[in-house]
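>
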Amino acid sequence: MSSNLGRTLAALALAAAMYGSPLAARAQTVVTIGIGTQDTTTNTVTAGTIVRQLKLLEKYLPKDGKYANLKFEFEWNNFTSGPPVTNGMMANKLQFGMMGDYPLVVNGFTFQNNPESKSRLIAVAAYNRFGSGNGLVVHKGSPYFELSDLKGKLVSVPFGSAAHGMVLKAMQDRGWPPDYFQLVSQSPEVGSTNLQEKKIDGHADFVPFAELLPFRGFARKIFDGVETNLPTWHGVVVRTDFAEKYPEVVVAYIKALIAANEWFRADPKLASEKIQEWTGINKEVVYIFLGPGGNMTTDPTIKPFLIDAAAQDVKVLQNLGRMKEFDVTKWVDDSYVRKAFAELKLDYDAQLASTANYEVKGEDKFCNKPIVEPRKAGEVWVDGEGIEPLSSAACTLAAYSSLKAKGKKINVAYVFDSARGIKLFADQAYYAVGSDKTAIAPFLLKKDAEDYATKNGGRVLSFDDALKVALSGG
Amino acid sequence: MDGTALKLTETVARSSATETPPAVPCAAEPMPAPPKSNLVWRWLALHRSQLRTLAIGAVSLVLFLLAWHLLTKYRVTAHVRFVNVPSPEMVFDSLTRVTRDNKFLSHLFLSCRRIFIGFGIAATIAVPLGLVMGRFRLVREIVFPVSEVLRPIPAIAWVPMSIMLWPSNEESIIFITYLGSFFPILLNTLHGMAMVDPVLIRAAQCLGAREASIFREVYFPATLPHVFTGLTVGMGVAWVSLIAAEMISGQFGIGYFTWEAYSLVQYADIALGMICIGVLGLGSSALIRGLGRVVMPWAKT
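First to last, the protein sequences are chains A and B.
Just so we're aligned: the first sequence equals residues 2 to 475 in our numbering.
Just so we're aligned: the second sequence equals residues -11 to 289 in our numbering.
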């Protein structure tokens, strides 16, 4: 048997030698592609987790031409923050990596000194144009309701993260000195535990913690990144030595990312459930980010305002003495994403110009109205049944009560902030109720709700009281 | 030359050595007075082996630095890759940059204090506990399983628990360094107790010694070398646990400094933090060994 095999091999080798390279080249070369994901950072799941789980990359990988004899193997590595991904990329263990805006510019900057390869930003995973996604939470029972309540208090944030940028920007906007808070650096896992134990007064963090911690029941969000008005986003970077050698693979990767976005939007409920299964982040939290009207827009195009935001991030890091010269525009390379769009027969420039997200739509079965204003709508997730779209906050609350009265188990309800259009957990919002009791306006911030109530001669209610009003009024 | 004279000259030589650095060769001194030269010469002869160790140690450190320098300068890639490893010069630059203000020194000071307290508590609990466990089987049977379960848990895994257990962060940090050093000390003490020659115990018993005296005169001195091994290892592990522990602090400590450098991907600062931890670890282990020599003059080290 083995001697037979040996003879065959010898014959093959002889044949290869006689006919030159073609046969010898048929022996497959294995190329390993390392991809650094952040499964728990919900923003990046369409660039990492979904692509991995649905094997989308395999679907789009080039198979002909110079790739005929190449065999790709994937090494997926999951991390909880960006810096370890950069570290892996620097060491050439990872060729692709995904992370938030601040770690991304640190990635690009760190690669400047790498003689082997640089890194390039090739696509965006998800963004929020106004900075929602990052947020600052306090303990549920604490007496803090807005940022200025935390003056002189102990606030932790992972340094060098998008959330750190948010805090610095918020302080800068208000003209506060750097020591306005006692700002310390804590990673999400440390900060979360510290907040739960009330060791710190506030914790600022990136996606999904500002929603996840309130959802888990011990925290309350008092500041949303949307107030900084500076976009926040996650993107994909690649090593240039790899990208230049296998450009078609990079294009295939972006096609897989586009397919992942489409898969999520086709059935957001199922997708959220799957992501909970894969990453452990609660499906209700995944849905508030990536669901319809969610706080993140998945869109691979590299929009100019995101690049501007990155340039802002560089300035902040330079002011902290953490970074020297770094030209963001040279680091961005949209050629691959353009090529992917062209090959999929999609219009890149149209998508680039659009900042539209997909929205809550359908028929409000409770109030019997179509949904016309998606950012004033709401949703109720009935356990085991589905997600009901509702046309207004009042209808949402009324539907919530009546469903509950029918003995249904409700996972969560969503409403939209009346001032800022961000999606909220209904039970965490403040409600301004006008004197006629028909209009109910939800707000993230107590202060916004109070302002609105004063202006309209109403009052501010908690979720439970608003439920009662919605039932009697509706 | 009898013993006392030797000791005398040694003390004289030692006190003179504190004034002149030992590395200076006698030939370098201008016109040495004959008796003094004699003393220096004798001191050199007496400390030949230590000097030899010192010199070889210095040479090996220099060689290490040189290798590091060359590997990073030529960005050697021979399976192991030095392409992006910071060079010694870069680390030195970091050092000069951070030592411009007191912040870095306060990082070092706080870490040392945490180690000192954590290690101190570990030693005061683990050594007596080990002795008692070694002497009384029941205690050993009760404590040993628990300690064996807790021992392999890495420091980083203790971070969330430690935050929840203790009212202040400083205590949480000290708790983690304490855990790091506790188990090596306990196990080594226990091992030392097991190694005590039963013949000595029986002999002491035959001579009518009571439990307390056996403990004091036989067990304790016989176990002491192992205790010190445990203390040295424990000190090392305490420093190992430091990064995990100081992740909690979010502000201070050399472990935090290294962690923050990692989160901003600053390789030179990471290396600087590593080296500082290494040097401090070396220093504290040397202190323990020194202490060991003082309390156990009979032991050969």
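Ideal Cβ placement from N, Cα and C applies to all residues, glycine included.
If contacts are defined as beta-carbon pairs under 8 angstroms, then A:V317 and A:F327 qualify, I think. What distance do you get, rounded to the angstrom?
Actually they do not touch by this definition, with Cβ atoms about 12 angstroms apart.
> Helix, strand or coil, according to DSSP, for A:Q197 in the structure here?
helix
> Could you give the distance in angstroms between the alpha-carbon of A:V287 and the alpha-carbon of A:N135?
14 angstroms
> Distance, Cα to Cα, A:P89 vs A:N78?
Note on identity: in this sequence residue 89 of chain A is Gly, with Pro being the wrong assignment. Rounded to whole angstroms, A:G89 to A:N78 spans 9 angstroms at the Cα level.
> Put B:V253 into one of helix, strand or coil per three-state DSSP.
coil
> On a CA-only basis, which of B:V86, B:G122 and B:F171 is nearest B:D185? Give me that one, please.
B:G122
> Can you say whether B:W146 is buried or exposed, counting buried as having 16 or more other CB atoms within 10 angstroms of its CB?
buried
> Output the distance between the C-alpha atoms of A:A378 and A:A414, rounded to the nearest integer angstrom.
About 11 angstroms.
> In angstroms, rounded to a whole number, what distance separates the CA positions of B:V28 and A:K94?
57 angstroms
> Between the segment 42 to 51 of chain A and the segment 104 to 123 of chain A, can you find at least three pairs of beta-carbon atoms closer than 8 angstroms?
Segments in contact, no.
> Give me the Cα-Cα distance between B:V283 and B:Y244, rounded to the nearest whole angstrom.
35 angstroms
> Exposed or buried, what is A:S355 when buried is set at 16 or more other beta-carbons lying within 10 Å of its beta-carbon?
Exposed is the call here.
> Give me, in chain order, the residues of the same chain whose beta-carbon lies closer than 6 angstroms to that of A:E249; leave out the 5 immediate sequence neighbours on both sides.
P63
> Does any CB atom of chain B fall closer than 8 angstroms to the CB of A:Q187?
yes
> Only counting runs of 4 or more residues, tell me where the alpha helix (DSSP H) segments fall wholly within the segment 174 to 261 of chain A, in order along the chain.
189 to 197, 210 to 217 and 241 to 246
> Going along the chain, which residues of its own chain have a beta-carbon closer than 7 angstroms to the beta-carbon of B:M262, five neighbours each way excluded?
T246
> Under 8 angstroms between the Cβ atoms of B:L54 and B:L260?
no
> Which residues does DSSP list as the beta-bridge partners of A:L271?
According to DSSP, A:L271 bridges with nothing at all.
> Using the rule of at least 16 other Cβ atoms within 10 Å of the residue's Cβ for burial, across every protein chain shown, is B:I242 buried or exposed?
buried
> Listed in chain order, which residues of the segment 94 to 115 of chain A have Cβ atoms closer than 7 angstroms to some Cβ of chain B?
Within the segment 94 to 115 of chain A, the qualifying residues are V107, T111 and N115.
> May I ask which residues mark the beginning and end of the beta strand (DSSP E) holding A:N457?
Run containing A:N457: none in the beta strand (DSSP E); it sits in the alpha helix (DSSP H), K447 to N457.
> Any idea if A:H165 is buried or exposed, counting beta-carbon neighbours within 10 angstroms, 16 or more meaning buried?
buried
> Using C-beta distances below 8 angstroms, list every residue in its chain close to A:N195, excluding the 5 sequence neighbours before and after it, in chain order.
Counting only residues of its own chain and dropping the five nearest sequence neighbours on each side, A:N195 has a CB closer than 8 angstroms to the CB of S157, Q187, I201 and H204.
> Which first and last residues belong to the alpha helix (DSSP H) in which B:Y166 is found?
Boundaries of the alpha helix (DSSP H) harbouring B:Y166: N157 to M183, taken from the DSSP string.
> Quick check on DSSP: helix, strand or coil for A:F290?
helix
> Pop quiz: B:V79 and B:A256 are said to be a contact at Cβ under 8 angstroms. What is the actual Cβ separation, rounded to whole angstroms?
5 angstroms
> Below 8 angstroms on C-beta distance, what does B:E234 contact in chain A?
Correct list: empty, because the minimum Cβ distance to chain A is about 10 angstroms.
> Go to A:Y128, then tell me how far its alpha helix (DSSP H) extends in each direction, as first and last residue.
Segment S120 to N129 is the beta strand (DSSP E) holding A:Y128; no alpha helix (DSSP H) there.
> Over what stretch of residues does the beta strand (DSSP E) that includes A:R477 continue unbroken?
Residue numbering for chain A in the displayed model covers 2 to 475; residue 477 of chain A lies beyond these limits and cannot be assessed.
> According to the Cβ coordinates, are A:K424 and A:D384 closer than 8 angstroms?
no
> Starting from B:P148, follow the alpha helix (DSSP H) in both directions and report where the run begins and ends.
V147 to L153
> Between which two residues does the beta strand (DSSP E) containing A:K72 stretch?
L71 to N79
> Tell me the DSSP secondary structure of B:R125 in three-state form.
helix
> Where A:Q313 and A:W177 are concerned, what is the direct C-alpha to C-alpha distance, given to the nearest angstrom?
18 angstroms
> What residues in the segment 193 to 218 of chain A have a beta carbon less than 7 angstroms from any beta carbon of chain B?
T194, N195, E198 and K200
> Run through DSSP, which three-state label would A:V413 get?
strand
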